Amino acid sequence: MIYPLKVGLMLAAFLGGSTLAAKGADVYGANCAACHQPTGKGVPGAFPPLAGHFSALLATGTAGRTYVEHVVLYGLAGKIVVGGMTYNGAMPAQKQLSDADLAAVLNYVATSWGNKLPKGQKPVAAAELTKLRAKALTAAAVYKTRPAVK
Ligand code: HEC
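All the letters of the sequence shown, read from the start, carry residue numbers -24 to -1, 1 to 126 under mature numbering (1 follows the signal peptide of the UniProt record, and there is no 0).
This is the structure:
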């Protein structure tokens, strides 16, 4: 009776994957959408868009990936320009969220509204956040590491 076992395992893997995606959407709705909007488009001049822009940050490689992980863990403070629009606000740290929730929300943003994970990049794992959380950075320090992306 190997066949039913295999189908069962495949189903479990499928459900596991879709539960994770649903979790990321929930975390986004509860913790990011108020500023970055449910559409990911942000509010021009106040909250930068993540739609179409988050992939560009990730596409800069390890620096960009670490940067977005730092932004959710430690917040961000400093002037940035996205899509020709200047943002000079401050994002509060989202460190109240667990490493698993932060990984889920980053993966949700990375694959929503036209964003996709750059070729060769694996989904963000909770263990990456666990490691970076130990650094205890400030929002201003995170700003200094922002990759040059328009
Ligand atoms: C209270 C409003 C607020 C909340 C909540 C918030 N952000 Fe932000 N976010 C901002 C602002 C404002 C900036 C730009 C800060 C600056 O100008 O230095 C920003 C910047 C960012 C950036 C960097 C963009 C870039 O081009 O460098 C990312 C990534 C990001 N936010 C993701 C998230 C995610 C994911 C969440 C939820 C876990 C979230 N934000 C929650 C307001 C918010």
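Even glycine gets a Cβ: it sits at the ideal position worked out from N, Cα and C. From a predicted model like this one, the values you see are computed outputs, not experimental measurements.
How many whole angstroms separate the CB atoms of residue i and residue j, which I take to be in contact at a CB cut-off of 8 Å?
{"i": "serine 31", "j": "lysine 107", "result": "Contact doesn't hold; Cβ gap of about 23 Å is too wide."}
{"i": "valine 3", "j": "leucine 105", "result": "Contact doesn't hold; Cβ gap of about 12 Å is too wide."}
{"i": "asparagine 83", "j": "glycine -1", "result": "5 Å"}
{"i": "glycine 28", "j": "tryptophan 89", "result": "7 Å"}
{"i": "alanine 102", "j": "alanine 79", "result": "4 Å"}
{"i": "leucine 33", "j": "valine 48", "result": "With a Cβ gap of about 12 Å, leucine 33 and valine 48 do not count as contacting."}
Please name the residue in the options whose C-alpha comes closest to that of residue i.
{"i": "cysteine 11", "options": "Pro25, Ala(-3), Pro123", "result": "Pro25"}
{"i": "methionine 67", "options": "Ala112, Gly16, Cys8, Val81", "result": "Cys8"}
{"i": "glutamine 97", "options": "Val19, Ala79, Ala35, Lys71", "result": "Ala35"}
{"i": "threonine 114", "options": "Tyr50, Ala(-4), Ala6", "result": "Tyr50"}
{"i": "alanine 6", "options": "Arg122, Asp77, Ala116", "result": "Asp77"}
{"i": "residue 130", "options": "Ala27, Thr87, Pro20", "result": "With the chain represented from -24 up to 126, any question about residue 130 goes unanswered, as that position is not in the structure."}
{"i": "lysine 111", "options": "Thr62, Val57, Gly16, His46", "result": "His46"}
{"i": "alanine 53", "options": "Tyr119, Val125, Ala124, Pro123", "result": "Tyr119"}
{"i": "alanine -3", "options": "Thr62, Thr87, Val58", "result": "Thr87"}
{"i": "glycine 16", "options": "Val81, Ala124, Lys71", "result": "Val81"}
{"i": "glycine 123", "options": "Val48, Thr42, Leu(-5)", "result": "Going by the sequence as given, residue 123 is proline instead of glycine. Checked all of Val48, Thr42, Leu(-5); the closest Cα to proline 123 is Thr42."}
{"i": "leucine -5", "options": "Lys95, Val85, Thr121, Val125", "result": "Val85"}
{"i": "lysine 95", "options": "Thr121, Thr38, Thr62", "result": "Thr38"}
{"i": "valine 125", "options": "Gln70, Asp75, Lys55, Ala22", "result": "Lys55"}
By a C-beta neighbour count over all protein chains shown, 10 Å radius and 16 as the cutoff for buried, is residue i buried or exposed?
{"i": "valine 100", "result": "buried"}
{"i": "valine 57", "result": "exposed"}
{"i": "glycine 40", "result": "buried"}
Unbroken stretches of the beta strand (DSSP E), 3 residues or longer, contained in the stretch 4 to 91: Whole beta strand (DSSP E) segments, 3+ residues: 56 to 58, 61 to 63.
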